[in-house]
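Data block below; observations after.
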Amino acid sequence: MSVPLARRQLLFRKGRAVAGVAGIAAALLLVLALKAIFAGINDRLTAYIDKSGADVIVAQRGVDTMHMTQSALPEQTATAVAAVPGVAEARPILYAPAMIERGEARGIAYLVGDDSGGAPLPMATGRRARAGEIVLERTLAERLDARAGSGVRVFGRTFRVSGEVDGLASILNSVAFVRRQDLARVLESVGVVSYVLVRARPEIGGAELAARIEASVPGVTASTRAAFASSERRVVGDMTTDIVRAMILVGFVIGVAVAGLVAYSATLSQIRDYAVLRAVGLRVRGALALAVAQVGATVAAGFLLALALVWALAAILPRLTPTLVLAIRTADVALALVVAGAVALAAAAFPVLRVARIDPASVFRR
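Heads up, the sequence shown is in our numbering, so the first residue is 2 and it goes up one at a time.
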């Protein structure tokens, strides 16, 4: 009968219990949201590569990224790659950063010269680009207030918008597609390609095909899609997201510290309640177990509330700011729960030790 009595005694102050759950939820929400934002940035940085349909990306020797690098290959390289056994398709593209303008509005985009018009990426609106046309990422189109039929300026030339794709823009940049020959003329690089996107036959894996291409075609580096995307995230992360990593670290430390402080304060504020329970017969072991269980329940409830809130943010924020995407990863969630739980229990250990030394008679003293 002592355990139900203890629970009723400790839950009597519901306002304090709710405040504890809310405090831990707010702390964990900060941690989870920052981790999800950073993961979303990483995902969008390689969205074009991930959705390109290529199993292998072929570049100039020594190049294994698109951002912040240049790759130039003879156009004949695509023909040589296509002849390698196991290649189902070899699609050459040009790739260059560009400022896209419409009136006073402008936006930075990576311009892809691709005769497929960005296939197999699905079109959100309109159709794929023909000669003299451009496909914009939806977020960039909204920023420029450009629709199908609108004209935009790229490298001093006017392109007509033919349609939009979705899901490629990040907080750093966007992506747009034109015909490869159009971009080659604008860049004065006819006969040159930047990369060759290779699709493998079903009977061969990407790693094996990449090795075959490097052995058969001189002057190239062939990377699997996964390896290429990993290099992209590493390079861009090293150059542009250090501040985001620092914010996450600071937020993580603050969040975990707040969770520990809430657990410490909640346990310390109930020392007299534990004395009452000891006076009515609760043993030391039971008091200790109850204190730990209470901290665990508070952390668990706060964690579930924080998880629900971060899921809500992940659904709402992209509607308000399409470039701000939250990617909630199981590993990040597990890390936040384990670390916050461990710190909260450690913080609660100090008042718990006081519980073990409580004199039941102290409850009768003024």
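We put the beta carbon where it would ideally sit given N, CA and C, even for glycine.
No Cβ-Cβ contact shorter than 9 Å links residue 84 with residue 92. Within a 10 Å sphere around the beta-carbon of residue 339 sit fewer than 16 other beta-carbons, which makes this residue exposed. Look at residue 158 here: in three-state DSSP terms it is strand. In terms of Cβ geometry, residue 223 and residue 199 form a close pair [threshold 9 Å].
Your pair residue 101 and residue 230 does not check out as a contact, with CB atoms roughly 24 Å apart and the cut at 8 Å. DSSP lists 111 as the beta-bridge partner residues of residue 98. Taking the CA atoms as reference points, residue 134 sits about 57 Å from residue 343. The beta carbon of residue 323 sits closer than 6 Å to the beta carbons of 140 from its chain, once the five residues preceding and following it are set aside; these are given in chain order. Taking residue 130 as the centre and dropping the five residues before and after it, the same chain places the C-beta of 118, 136, 163, 178, 179 and 180 closer than 7 Å to its C-beta, in chain order. With respect to the C-alpha of residue 236, the residue from 69, 22 and 38 having the closest C-alpha is 69. Residue 99 is classed as buried because its beta carbon has at least 16 other beta carbons within 10 Å across all chains shown. The alpha carbon of residue 152 has as its nearest neighbour, out of 35, 106 and 309, the alpha carbon of 106. Residues of the same chain with a CB within less than 8 Å of the CB of residue 207, apart from the 5 flanking positions on each side, are 56, 57, 201, 225, 226 and 227 in chain order.
For residue 135, the enclosing beta strand (DSSP E) covers residues 134-138. For residue 222, no alpha helix (DSSP H) encloses it; the enclosing beta strand (DSSP E) starts and ends at 221-225. Boundaries of the beta strand (DSSP E) around residue 177: 175-179.
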